[in-house]
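Using this note's numbering, the first residue of the sequence shown is number 368, and each one after it goes up by one. No residue lacks a Cβ here, since even glycine has one placed at the ideal position from N, Cα and C. On a predicted model such as this, the values are computed, not experimentally measured, just so you know. Notes follow the structure.
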Amino acid sequence: MIVNSRISIVIISIAALFLVSCGKKDHFTVQGRIDGLGTATVSLTYFADGGLKRITAVSENDKFGLRGEASAPALAILDAGGSRLATIVVRNGDKIKITGPANGSDRLKISGSSSSDKIARWVFDNREALATGDTRGINESIARFIGENKSNMASTALLSTYFNPRGYERTADSLFSLLSPEVRTPALTHNFNSVLASQLAASAGRELSSLTLYDHSDSVVTFSTRRKSYSLIAIVGTDPTQRDSVIPAMKSLSTGNWGARVAILEISTAPDSTAWKSSVAPDTVSWRQTWEPVALTSHALSRLSIPSVPFFIVTDSTGTQLFRGQSVTEATSAIAKKISSK
């Protein structure tokens, strides 16, 4: 009996060790089924344990699986086929599942991470504001979310990724102070900002040779950056004050001494073509004015990682991006310096 008892104790001890070993949270997984994705390269970028990491996989039949390591919560950006698919928070032990359509990143469903699920729900609830680049609406929504979720990592993620601080610097500072200490540590915010910087740098490094959009007649048109020495691509909203602040500088560029060497493309983030046509009706401009359905979340623009509007991109004739930013003055100055140096 004593022997059997000892054997039983040994077996129980081994089983306990086995369970602890099997349950060790030394990695996380992200599995997805994205309808319409087909075969594509899927990558996850995140900052963990002192370094930036990027893991990739190739989807098959709309499915993919990724495995990574993050000992502390980390912001991760999921790309599929070169376009951002989702923003999630990962850490060891998470088993995240993502489902939804390939052409609807605002309709994804995420399970296995409460923070990631909250981010996805917020994106869905604010899809119209995100599509049109409504800075005020987006920022106010994030402020409300943080007020209700001060201790959730999703609040830090939304403040880092979707909040536009330009003109809202004091608000951003106040919102950051509202976050609970455990979700606003320097290491965590550095983690989030490092991932965003990496993603923006990757977007800036992509060659921008052409864009396919809609014109006033609702016809599909293609804008090529190879037509002239330089191109200025302006992404603007329908707010008259905003447009009035950028149109004069664009007109000066188009009619000045360098006009013949610069192609200008204006892209509206209006919610529909009627609103867009109404916003540009009073204009008398020489450049091409276009509109893109669902704007910033569309396939044409999502790959450019436009954080907010207005936003300006300057390219040369090879499609190389020379400038990215929110100032039309800085954009036109970048073109002037390039032309003057030659």
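Item	Value
Backbone CA spacing between Val550 and Met617 [nearest angstrom]	42 Å
Cβ-based neighbour list, Ala648, same chain, cut-off 8 Å, excluding 5 preceding and 5 following	none
Distance between Thr641 and Ile455 (C-alpha atoms, nearest Å)	35 Å
Under the three-state DSSP convention, the category Ala616 falls into	helix
Any alpha helix (DSSP H) of 4 or more consecutive residues that is wholly inside the segment 577 to 611	none
Nearest neighbour of Ala453, chosen from Ala521, Gly514 and Lys517 [CA to CA]	Ala521
DSSP-derived helix/strand/coil call for Cys389	Note that Cys389 has pLDDT 46, beneath the 50 cutoff, so the model's placement of it is unreliable and no number is given.
Continuous beta strand (DSSP E) stretch holding His397: start and end	Looking at the sequence itself, residue 397 is Val, so the reference to His does not match. Phe395 to Asp402 is the span of the beta strand (DSSP E), which, as asked, contains Val397.
Beta-carbon gap between Arg434 and Thr396 smaller than 8 Å	yes
The segment 501 to 512 in contact with the segment 423 to 439 per 3-pair CB rule at 8 Å	no
Where Gly418 falls: helix, strand or coil (DSSP)	strand
CA nearest to the CA of Thr528, picked from Ala637, Arg451, Gly514 and Pro548	Arg451
DSSP state of Glu633 mapped onto helix, strand, coil	strand
Cutoff 7 Å; reference Gln609; Cβ partners in own chain excluding five residues on either side	Val603 and Pro677
Asp683 in three-state terms, based on DSSP	strand
Sufficient close CB pairs (3 or more, under 8 Å) joining the segment 469 to 479 to the segment 392 to 412	yes
Range covered by the alpha helix (DSSP H) that runs through Leu689	Leu689 -> not in any alpha helix (DSSP H); beta strand (DSSP E) instead, spanning Gln688 to Gly692.
Cross-strand partners of Glu427 (DSSP beta bridge)	Lys430
Thr406, DSSP secondary structure in three states	coil
Contact between the segment 528 to 537 and the segment 489 to 506 (3+ Cβ pairs under 8 Å)	yes
Residue span of the alpha helix (DSSP H) that contains Ala498, given as start and end	Arg494 to Thr499
Residue from Val588, Ser577 and Thr466 with nearest C-alpha to Thr682	Ser577
Residue environment, Ser646, which counts as buried when at least 16 other CB atoms sit within 10 Å	buried
Trp658 - DSSP class collapsed to helix/strand/coil	strand
Assumed close pair Ile444, Ile463 - CB separation to whole angstroms, cut-off 8 Å	Not confirmed; about 13 Å, so no contact.
Beta-carbon contacts of Ala407 that lie in its chain and below 6 Å, excluding the five residues immediately before and after	Ser426, Ala447 and Gly448
Local conformation of Ser645 per DSSP, three classes	helix
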